[in-house]
Amino acid sequence: MKKAIEDFDFNSKKVLLRVDFNVPLNNGKIVSDVRIVEELPTIKYLLDKHAKIILCSHLGKPNGQVNKIYSLKPVYQRLKELLPQTKVYFCDQTIGEKAEKMANQLKDGEILLLENLRFEKGEEENADYMVDALSKLAETFVFDAFGTSHRKHASTYGVSKKLPSCMGYLVKKETETFDQILSKPKKPFVAILGGAKISDKIDVVKNLLNKVDTILIGGGMCFTFIKAIKGEVGASIVDDEKLDFCFNVIKEAINKKVKIILPVDFVCANSIDDEASAEVYKLGKIPLDKMGLDIGPKTVKLFKKFIKHAKTIVWNGPMGVYEKEIFSNGTKSVAELVAKNKHCISVIGGGDVVGAVEKFELQDYFTHISTGGGASLKLLEGKELPAINVLQDK
Ligand code: AMP
Numbered sequence: 076m077k078k079a080i081e082d083f084d085f086n087s088k089k090v091l092l093r094v095d096f097n098v099p100l101n102n103g104k105i106v107s108d109v110r111i112v113e114e115l116p117t118i119k120y121l122l123d124k125h126a127k128i129i130l131c132s133h134l135g136k137p138n139g140q141v142n143k144i145y146s147l148k149p150v151y152q153r154l155k156e157l158l159p160q161t162k163v164y165f166c167d168q169t170i171g172e173k174a175e176k177m178a179n180q181l182k183d184g185e186i187l188l189l190e191n192l193r194f195e196k197g198e199e200e201n202a203d204y205m206v207d208a209l210s211k212l213a214e215t216f217v218f219d220a221f222g223t224s225h226r227k228h229a230s231t232y233g234v235s236k237k238l239p240s241c242m243g244y245l246v247k248k249e250t251e252t253f254d255q256i257l258s259k260p261k262k263p264f265v266a267i268l269g270g271a272k273i274s275d276k277i278d279v280v281k282n283l284l285n286k287v288d289t290i291l292i293g294g295g296m297c298f299t300f301i302k303a304i305k306g307e308v309g310a311s312i313v314d315d316e317k318l319d320f321c322f323n324v325i326k327e328a329i330n331k332k333v334k335i336i337l338p339v340d341f342v343c344a345n346s347i348d349d350e351a352s353a354e355v356y357k358l359g360k361i362p363l364d365k366m367g368l369d370i371g372p373k374t375v376k377l378f379k380k381f382i383k384h385a386k387t388i389v390w391n392g393p394m395g396v397y398e399k400e401i402f403s404n405g406t407k408s409v410a411e412l413v414a415k416n417k418h419c420i421s422v423i424g425g426g427d428v429v430g431a432v433e434k435f436e437l438q439d440y441f442t443h444i445s446t447g448g449g450a451s452l453k454l455l456e457g458k459e460l461p462a463i464n465v466l467q468d469k
C-alpha cells in the first residue's frame, strides 16, 4: 500500500503537487476544464490542512523548449476563478531562483502554479538538475497525475526519490479501481476490446485472458482475429504480422475456458470517406473491395447477451470508426448497453472510448472513466506504473 495524503501532516509545509493540467486549448482558451476541476478535491484537502501548495504540470509537447502556446497561464486564470477564496500565484518559470523565491514567500493556504514542466529539457529526461531544482521547492511531494504515471520523468519519478511522497485522491481512485477489477473482479467479468491496432493491445489481451470470462472484440482489430481463423475480411484492416498471435490467443482462450466473441456482421464501405457506400454484411460475406468500419446490428445483439449479465466490465477501444456518424452506431450501442447495466462495475480504460462516450453524453453512467489512456493500458497489461511504484509505502 502506498502512502496517501491522510498519512502526512501538511500544516505550514510546502507541498509540491504534481497534477495533470494538460487541458485542451484553442487559441489560448481552455476548451475543457475537467482536468482542473477533478483536481480540486486534493487541492482543497491540502488547503484545509494549511499547506503551501506548489502546483506543477505539463501541457502539450513543447519538447524541452519554452513555447508560449503551451504556457500554463490560462490554467492559472481558470484556477483563480475556481478558487475565489484562495490566493493563487503564477511563476513564469518552472524552476530556478524565481520559483524558489515565490515558493518561499507562500503563506499557509496559498497556491503557486509553476510554468509548464516540459519547457525544461530535464523534465522528460529525469535529469538530476531538474529533480534537484523541483525537490528544493518543497518538503513533501504529492503525486496526482495518473495520466503520466507510466513515465519516468523528473516530476513523476525523480522527485519521489528525494522527498517524502504520497498519492493524491485522483491517483488513489484510479489505482484502487483497477486493483479491484483486476485482482478481485466480480464475475462474470467481460472485457470489450476494439480500436484500430492489435499491436498496442497484445499484452492487454494476454493479461486479460487470465482474468476475464469473456472478451468481446470489435473495431479494426477484430479482422486480424477473423483472418487468423480463415474468415473472409474483404479489404478491412488486418495486421498480418499478428495472425499467429491471434490464432494462439483463440487456442489459449479455449484451454482457459474464456469465451472470445467476434462480430457476426459489419457496416462496410469502399473506404472510410465513402460514407454513401455503407452497407451491412454478414460475417463471411464482406465483398473483397469493402472494408468493415463498424460492428453490425446482429453483433450488437450478440454482445448484449454478455454485457447485460456482466458484473465487471472493462472497455478499451471503439467498436468502429465512431468519429463518423455512419460508423458510430456500434460504439454508441455498446456504450448504451454498458450504461444500462446498473449492477456492474464499468471501467473505461482511457483513450478513444472516453472521447466516444463523452460524445454520446453517457459518461455519467460509468463507474470509472480513467484519466490516463497509456497508464490504464499498462495496468490492464498487468504492469506496474513507475511513478506510483516509487511512492513511499505505508
Ligand atoms: P486505437 O488507438 O487502436 O484504440 O484505435 C482507435 C481508432 O480506431 C479510432 O480512431 C477509430 O476510428 C479506429 N477504428 C475503429 N474501428 C475501425 C475499423 N473497423 N477500421 C479502421 N479503423 C477503426
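If you're matching positions, the sequence shown starts at 76 in my numbering and goes up one per residue. Even glycine gets a Cβ: it sits at the ideal position worked out from N, Cα and C. In this text, all values refer to a predicted model and were calculated from it rather than measured experimentally.
Between the CA atoms of residue j and residue i - distance to the nearest angstrom
i, j, result
"Lys305", "Ser107", "45 Å"
"Ala414", "Tyr440", "5 Å"
"Asn179", "Gly171", "12 Å"
"Lys155", "Ser235", "28 Å"
"Glu113", "Leu245", "8 Å"
"Val206", "Gly233", "6 Å"
"Gly269", "Ala328", "18 Å"
"Val422", "Asp254", "12 Å"
"Asn86", "Lys469", "20 Å"
"Lys77", "Lys88", "20 Å"
"Cys419", "Thr442", "8 Å"
"Tyr164", "Gly184", "12 Å"
"Asn330", "Leu291", "17 Å"
"Glu307", "Ile370", "15 Å"
"Pro362", "Gly448", "35 Å"
"Cys241", "Glu433", "31 Å"
"Ala126", "Thr169", "20 Å"
"Phe194", "Ala79", "29 Å"
C-beta atoms of residue i and residue j nearer than 9 Å
i, j, result
"Phe378", "Val355", "no"
"His228", "Ala431", "no"
"Leu100", "Leu130", "no"
"Glu199", "Gly139", "yes"
"Leu257", "Leu437", "no"
"Asp288", "Lys247", "no"
"Gly293", "Pro338", "yes"
"Asp95", "Thr223", "yes"
"Val313", "Thr299", "yes"
"Lys474", "Asn404", "Residue 474 lies beyond the residue range present for the chain, which begins at 76 and ends at 469; the question has no answer from this structure."
"Lys373", "Lys399", "no"
"Gly295", "Lys317", "no"
"Glu251", "Ala450", "no"
"Ile128", "Gly103", "no"
"Lys276", "Asn391", "yes"
"Val389", "Leu412", "no"
"Val90", "Val217", "yes"
Residue i in three-state terms, based on DSSP
i, result
"Met366", "strand"
"Asn391", "strand"
"Asp167", "coil"
"Leu212", "coil"
"Ile129", "strand"
"Arg226", "coil"
"Leu412", "helix"
"Asn101", "strand"
"Ile144", "helix"
"Asp349", "coil"
"Phe218", "strand"
"Asp183", "coil"
"Ile361", "coil"
"Ile444", "strand"
"Ala79", "strand"
"Asp468", "strand"
"Glu327", "helix"
"Val280", "helix"
"Val470", "Nothing can be reported for residue 470: it is not among the residues displayed for the chain, which extend from 76 to 469."
Residue i: first and last residue of the uninterrupted beta strand (DSSP E) it sits in
i, result
"Met242", "240-242"
"Ser421", "420-423"
"Met186", "A small fix is needed here, since residue 186 is Ile in this sequence, not Met. Taken as a continuous stretch (DSSP letters only), the beta strand (DSSP E) holding Ile186 covers 186-189."
"Glu400", "Note, Glu400: premise wrong, no beta strand (DSSP E); not H, not E."
"Phe341", "340-344"
"Ala266", "264-268"
"Leu91", "89-93"
"Lys26", "Because the chain in this structure spans residues 76 to 469, residue 26 falls outside the shown range and cannot be described."
Proximity test, Cβ basis, 9 Å: residue i and chain B
i, result
"Leu437", "Among the chains in the structure shown there is no chain B, since it carries only a single protein chain."
Alpha helix (DSSP H) segment containing residue i, residue limits
i, result
"Arg110", "109-123"
"Lys173", "172-180"
"Lys376", "372-384"
"Ile463", "461-464"
"Lys453", "448-455"
"Val334", "As written in the sequence, residue 334 is Lys, which differs from the Val given in the question. Per DSSP, Lys334 belongs to no alpha helix (DSSP H); it is in the beta strand (DSSP E), 334-336."
"Glu354", "Element bounds for Glu354: not the alpha helix (DSSP H) but the beta strand (DSSP E), 354-357."
"Ala431", "427-434"
"Lys196", "196-200"
Would you mind listing the alpha helix (DSSP H) stretches within the stretch 284-325 that are 4+ residues and don't spill past its ends, in chain order?
-> 297-303
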